[in-house]
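Mapping to the UniProt record's numbering: the sequence shown position 205 is 205, numbers consecutive.
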Amino acid sequence: MTEYLDIAGNTIAYEATGQGPLVVLAHGMGDSRHSYRFVAPALAAAGYRVANVDIRGCGDSSLGWGGYSRTDIADDLVAVVRHLGGPAVLIGQSISGGAATIAAATAPELIVGAIELAPFTRAQSFDLGGLVRVKRFRAGYLQLAQVLMRGSLANWKKYLDVAYPTKPADWHSELARIEAKLSEPGRMKVLQAMARTSPADAGRQLPNVTCPVLVIQGSADPDWADPRAEGERILADLPRGLGELAVIGGAGHYPHAQTPDEVLALVLPFLARTLTNA
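Spelled out as structure tokens, the structure:
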């Protein structure tokens, strides 16, 4: 059942299932909580209370927010944790991975762990060499550029085709759901607004994180020429000993939807270690 949290006149939609320590899930831009359709039930079955969130402007959450930065999303996630009576581990993908970093740094009393899936958590420099060398990186970059400039749903679908090197069994229905949601007035504008934001706010907070962090990258993620190297840079900016990195072979930008079993095999031990005494 969808529930709604009011934040300054806007609403964040979420679905809470299960009983136990709290885990909050947050998806990437242009998506919704449905991207965790394989992971959320498994986490609830494993003994966690799972709050699966539509981040601001996405899914069933309202439009009309004042901003769509990682800091804005982090504030919403902290509000959800506070509303549900944390502490919690945050699981954030892409833009929400950066938001999870900020939430962990700014609300350490509520956020006791962060799992970042294919996260944009650092300011990115233009990688001309990577564009020349790596076909998937070049293909994803060119499609995202068209989305940013033109708000093209067709280009977003082409990006997703690259970002999912192999497709989930329900891909056709899932793609139709994404297309229908982004065709609603205002939803593509939110995607573009998020794409224009810089991850620098998250990068500045990496040294301030005090809880354990697990970064999960897909080796075939088109958002970086070298996804492993990006994960290693994130760990290098965290305080020593807090971060760990896992790379899932063949996974793209959405490992939780493309390779959920592999993601769960990494996430469940982390949650057990992190939430045991929370």
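Where a beta carbon is used, it is the ideal one built from N, C-alpha and C, also for glycine. Here the structure is a predicted model, which is why all the values come from computation and not from measurement.
- Task: Provide the residue(s) that pair with Thr-2 in DSSP beta bridges, ordered along the chain.
- Result: Start at 1 with the first residue of the sequence shown, and residue 2 comes out as number 2. Thr-2 is bridged by DSSP to Glu-15.
- Item | For Ala-114 and Val-213, believed in contact at Cβ under 8 Å, the rounded distance | Position 213 of the sequence shown holds residue 213. Position 114 of the sequence shown holds residue 114. Under the criterion of beta carbons closer than 8 Å, Val-213 and Ala-114 qualify as touching, at roughly 5 Å.
- Measuring CA to CA, which of Leu-275, Glu-3, Glu-262 is closest to Tyr-11? Your numbering for residue 11 matches position 11 in the sequence shown. In the sequence as displayed, the identity of residue 11 is Thr instead of Tyr. When each option's Cα is compared against that of Thr-11, the closest is Glu-3.
- Of the listed residues Glu-174, Val-162, Pro-21, nearest to Thr-276 (C-alpha basis): As a working note, residue 276 is residue 276 in the sequence shown. Among Glu-174, Val-162, Pro-21, the Cα nearest to that of Thr-276 belongs to Pro-21.
- Ala-118 and Gly-218: beta carbons closer than 8 Å? Taking the sequence shown and counting its residues from 1, the one referred to as residue 118 is at position 118. Taking the sequence shown and counting its residues from 1, the one referred to as residue 218 is at position 218. Contact: yes.
- Task: Confirm the yes/no value for this check: CB of Gly-59, any heavy atom of the ligand FAD, distance under 7 Å.
- Result: With respect to small molecules bound, the structure shown includes none, and the ligand FAD cannot be examined in it.
- Task: Give the DSSP-derived three-state secondary structure of Glu-174 in the structure shown.
- Result: Locating residue 174 in the sequence shown gives position 174, where the first residue counts as 1. The DSSP-derived three-state label of Glu-174 is helix.
- Item | Chain-order list of residues whose beta-carbon lies under 8 Å from that of Ala-79 (same chain, five-residue window excluded) | As a working note, residue 79 is residue 79 in the sequence shown. Its chain contains Leu-5, Ile-7, Ile-12 as the residues whose beta carbon lies nearer than 8 Å to that of Ala-79, once the 5 sequence neighbours on both sides are disregarded; these appear in chain order.
- Task: Taking only the alpha-carbon atoms, compute the straight-line gap between Tyr-141 and Tyr-159 and give it to the nearest angstrom.
- Result: Start at 1 with the first residue of the sequence shown, and residue 141 comes out as number 141. Start at 1 with the first residue of the sequence shown, and residue 159 comes out as number 159. Rounded to whole angstroms, Tyr-141 to Tyr-159 spans 8 Å at the Cα level.
- Query: Is the segment 64 to 72 touching the segment 30 to 44, taking contact as three or more C-beta pairs under 8 Å?
  - Reply: With the cut-off at 8 Å, the segment 64 to 72 and the segment 30 to 44 do not touch.
- Let me know the secondary structure DSSP gives Ala-105 once reduced to three states. Here residue 105 corresponds to residue number 105 of the sequence shown, with the count starting at 1. Looking at Ala-105 - three-state DSSP - the assignment turns out to be helix.
- Message: Tell me the rounded alpha-carbon separation between Ile-178 and Thr-17.
- Response: Taking the first residue of the sequence shown as 1, we reach residue 178 at position 178. Taking the first residue of the sequence shown as 1, we reach residue 17 at position 17. Between Ile-178 and Thr-17, the C-alpha separation is close to 23 Å.
- Message: Using a 10 Å radius around the Cβ and a threshold of 16 neighbouring Cβ atoms, would you call Leu-128 buried or exposed?
- Response: The count along the sequence shown starts at 1 and reaches residue 128 at position 128. That one is exposed.
- Message: Taking 8 Å as the threshold (C-beta atoms), are Phe-120 and Ile-91 in contact?
- Response: The sequence position of residue 91 within the sequence shown is 91, counting from 1. The sequence position of residue 120 within the sequence shown is 120, counting from 1. The answer is no: Cβ separation not under 8 Å.
- Going along the chain, which unbroken runs of the alpha helix (DSSP H) with 4 or more residues stay wholly within the segment 198 to 236? DSSP runs (the alpha helix (DSSP H)) wholly in the segment 198 to 236: 200 to 205.
- Endpoints, beta strand (DSSP E) assigned at Glu-116: Locating residue 116 in the sequence shown gives position 116, counting from the first residue. Unbroken beta strand (DSSP E) run through Glu-116: 111 to 117.
- Query: Using a Cβ-Cβ cut-off of 8 Å (strictly less than) and excluding sequence neighbours within five positions of Glu-230, which residues of its own chain qualify?
  - Reply: Start at 1 with the first residue of the sequence shown, and residue 230 comes out as number 230. If you ignore the 5 residues before and after Glu-230, its C-beta comes within less than 8 Å of the C-beta of Arg-122, Gln-217, Trp-224, all in its own chain and listed in chain order.
- Query: Three or more C-beta pairs closer than 8 Å, one from the segment 166 to 183 and one from the segment 29 to 37: is that the case here?
  - Reply: The segment 166 to 183 is in contact with the segment 29 to 37.
- Message: Quick check on Val-134: does DSSP put it in helix, strand or coil?
- Response: The residue you call residue 134 lines up with position 134 of the sequence shown. In the structure shown, Val-134 falls within a coil segment according to DSSP collapsed to helix, strand and coil.
- Message: At 3 residues or longer, what runs of the beta strand (DSSP E) sit wholly inside the segment 29 to 106?
- Response: The DSSP assignment places 49 to 54, 88 to 93 as complete runs of the beta strand (DSSP E) inside the segment 29 to 106, in order along the chain (cut-off: 3 residues).
- Message: Taking the straight line between their C-alpha atoms, what separation do you get for Thr-166 and Leu-63?
- Response: Taking the first residue of the sequence shown as 1, we reach residue 166 at position 166. Taking the first residue of the sequence shown as 1, we reach residue 63 at position 63. If you draw a straight line from the Cα of Thr-166 to the Cα of Leu-63, it comes to about 32 Å.
- Item | Asp-54, buried or exposed, once every other Cβ within 10 Å from all chains shown has been counted against 16 | As a first step, residue 54 must be located in the sequence shown, where it is residue number 54. With 16 or more Cβ atoms within 10 Å of its Cβ, Asp-54 is classed as buried.
- Message: I'd like to know whether the C-beta atoms of Ala-26 and Ile-73 end up nearer to each other than 8 Å.
- Response: By one-based count along the sequence shown, residue 26 stands at place 26. By one-based count along the sequence shown, residue 73 stands at place 73. Against a cut-off of 8 Å, the Cβ pair of Ile-73 and Ala-26 comes out as a contact.
- Message: Using 8 Å for Cβ pairs, my map puts residue 293 next to Ala-193. What's the rounded Cβ distance?
- Response: Residue 293 cannot be examined here, being either before or after the span of the chain that is shown, 1 to 278.
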